[in-house]
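Under my numbering, think of the first position of the sequence shown as 197, with each following residue one higher. Report on the structure given below.
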Amino acid sequence: MSTQPTPHLDDEQITALSDTLYDALYAITPYAEPHFADETEGLKNAVRAVLAEAAAPAPGVIEYGTAFRATEQAAIEVHSPTASRDEAAARADRYRDMYPVVHLVQRTVHYGEWTDCAGGPRG
Numbered sequence: 197m198s199t200q201p202t203p204h205l206d207d208e209q210i211t212a213l214s215d216t217l218y219d220a221l222y223a224i225t226p227y228a229e230p231h232f233a234d235e236t237e238g239l240k241n242a243v244r245a246v247l248a249e250a251a252a253p254a255p256g257v258i259e260y261g262t263a264f265r266a267t268e269q270a271a272i273e274v275h276s277p278t279a280s281r282d283e284a285a286a287r288a289d290r291y292r293d294m295y296p297v298v299h300l301v302q303r304t305v306h307y308g309e310w311t312d313c314a315g316g317p318r319g
């Protein structure tokens, strides 16, 4: 486990968080204290591990789409992304009656926090 300070918090902030964690652990499980050989560093490392886990990117989710060509020479288009493989497969089955090339595709997507658009509601 790394003992380097996290880039977003300094040692004073990590110490404050580890003190809070220590107080909470001590209050609810007084017998836990002997389990830390060096509780101060152990708790600081626990805080760092929690912060590192929180900063890690969220695992991606699979999104499915229906890929098709409107004509033999047209570029492939992907429509109607969805988290439901069954929904995308059913759509692909329907599209096969209309288009010469149709297949089910998937991608991994990662979602972030919502943020305001620059320039207001209309950009």
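Don't be surprised by glycine CBs; every beta carbon is placed ideally from N, CA and C.
Would you say residue i and residue j are within 8 Å of each other, going by their C-beta atoms?
| i | j | result |
| --- | --- | --- |
| residue 217 | residue 243 | yes |
| residue 281 | residue 260 | yes |
| residue 262 | residue 300 | yes |
| residue 288 | residue 298 | yes |
| residue 205 | residue 247 | yes |
| residue 271 | residue 278 | no |
Identify, in the order they occur along the chain, each residue of the same chain with its Cβ nearer than 8 Å to the Cβ of residue i, setting aside the five sequence neighbours on each side.
| i | result |
| --- | --- |
| residue 295 | 264, 265 and 266 |
| residue 291 | 262, 264 and 298 |
| residue 273 | 263, 264, 265 and 266 |
Can you find the residues in the same chain that come closer than 7 Å, C-beta to C-beta, to residue i, ignoring five residues on each side of it along the sequence?
| i | result |
| --- | --- |
| residue 310 | none |
| residue 303 | 259 |
| residue 275 | 261 and 262 |
Residue i bridges to which residues according to DSSP?
| i | result |
| --- | --- |
| residue 205 | Answer is none; residue 205 lacks a bridge partner. |
| residue 300 | 262 |
For residue i and chain B, any beta-carbon pair shorter than 8 Å?
| i | result |
| --- | --- |
| residue 264 | Absent here is chain B; the protein component of the structure consists of one chain. |
Below 6 Å CB to CB, which residues in the same chain sit around residue i once its five sequence neighbours on both sides are set aside?
| i | result |
| --- | --- |
| residue 268 | 296 |
| residue 293 | none |
| residue 245 | none |
- Contained beta strand (DSSP E) runs [length at least 3] in the segment 229-291, N- to C-terminal order: 257-265 and 273-278
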